[in-house]
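Q:
Structure, rendered in structure tokens:
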């Protein structure tokens, strides 16, 4: 799969771990930055990731910041992105099955590396269930607010 | 405080518990629905809540669905809403302090009533820290994606 990943300074270390984890599994990984732990603004990297997803330059995205909250808000500004903030694997599975999420967000200061890997594996392993969920997901692509 | 609350069918029971909890504390609560557990689409209620926040008809919002994921995506479609999906109180505090979140999302099928109350209390008790966080929050109001 083609996976894009972006973070802020607070999650550069987790990003590096997840990039290596994904490459080990043979995925095509596009690291959108940042490269160092110099302070940056999470919206800039969230928007970059959302644009990558909207342009279909990646199948899935991984969004990381200190808590995962800020970057998940930013990614979800784009109607083509469906970003799920998770800190355990069951939510990561539900995000795919029910919400057809295409981006997973996690907090580098809150979720440890091994748990983050388990969440990412659950996310990439699950499939959208469709059915009654399809109309709801369609509404997320056409916001009326 | 003026607090608006919305859910889907999966979280009507949790919504009722949180409405009572907030009323007990003297808050002005606007329950945007739904009233029954008949199936509805979470985006409809998420958009309604986002519009309420954007119109400044409420100071804060509470968004609930089965996992919290779907409705948090919907609420964040509006640039005036900053919706944090949480399942423990520390994230709820960070959401206010760092992201100036104005909506808290939780999953009625994943987070128990007492823990949800603790998250809500943490959210309403915390204050935005401003400083270096202010510019980032400003960028969330003016998305470039």
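Chains as they are written, first to last, in my numbering: chain A, 997 to 1141; chain B, 997 to 1141. C-beta atoms are modelled at their ideal positions from N, C-alpha and C, and glycine is treated no differently. Source: prediction; values computed, not measured.
Are the Cβ atoms of residue 1057/B and residue 1000/B separated by less than 7 Å?
A: In contact: residue 1057/B and residue 1000/B (Cβ atoms closer than 7 Å).
Q: Could you tell me whether the region 1093 to 1113 of chain B touches the region 1046 to 1066 of chain B, using the rule of 3 or more Cβ pairs below 8 Å?
A: Touching, per the Cβ criterion.
Q: Can residue 998/A and residue 1046/A be called in contact, C-beta distance under 7 Å?
A: Taking 7 Å as the Cβ cut-off, residue 998/A and residue 1046/A do not qualify as a contacting pair.
Q: Closest to residue 1097/A by CA distance: which of 1016/A, 1024/A, 1051/A, 1137/A is it?
A: Among 1016/A, 1024/A, 1051/A, 1137/A, the Cα nearest to that of residue 1097/A belongs to 1137/A.
Q: With three or more C-beta pairs closer than 8 Å as the rule, is the region 1078 to 1085 of chain A touching the region 1068 to 1087 of chain B?
A: Contact holds: three or more Cβ-Cβ distances are below 8 Å.
Q: Name the one or two DSSP bridge partners that residue 1100/A has.
A: Answer by DSSP bridge pairing, in chain order: 1058/A, 1080/A.
Q: In the structure shown, what three-state DSSP assignment does residue 1008/A receive?
A: Note: residue 1008/A maps to helix in three-state DSSP.
Q: State the Cα-Cα distance for the pair residue 1031/B and residue 1024/B, rounded to the nearest angstrom.
A: Cα to Cα, residue 1031/B sits roughly 18 Å from residue 1024/B.
Q: Along the beta strand (DSSP E) that carries residue 1037/A, what are the first and last residues, could you check?
A: That residue, residue 1037/A, is in no beta strand (DSSP E); it is neither H nor E in DSSP.
Q: Counting only beta-carbon separations shorter than 7 Å, does residue 1053/A have a partner in chain B?
A: No, because no Cβ of chain B sits closer than 7 Å to the Cβ of residue 1053/A.
Q: Work out the CA separation of residue 1006/B and residue 1036/B for me, nearest whole Å.
A: Cα-Cα distance, rounded: 9 Å.
Q: Any beta carbon of chain A sitting closer than 7 Å to that of residue 1022/B?
A: No, its Cβ sits nowhere closer than 7 Å to a Cβ of chain A.
Q: Report the partner residues of residue 1001/B according to the DSSP bridge assignment.
A: Looking at the DSSP assignment, residue 1001/B forms a beta bridge with 1027/B, 1058/B.
Q: Just how far apart, CA to CA, sit residue 1038/B and residue 1041/A?
A: Near 27 Å, if we compare the C-alpha coordinates of residue 1041/A and residue 1038/B.
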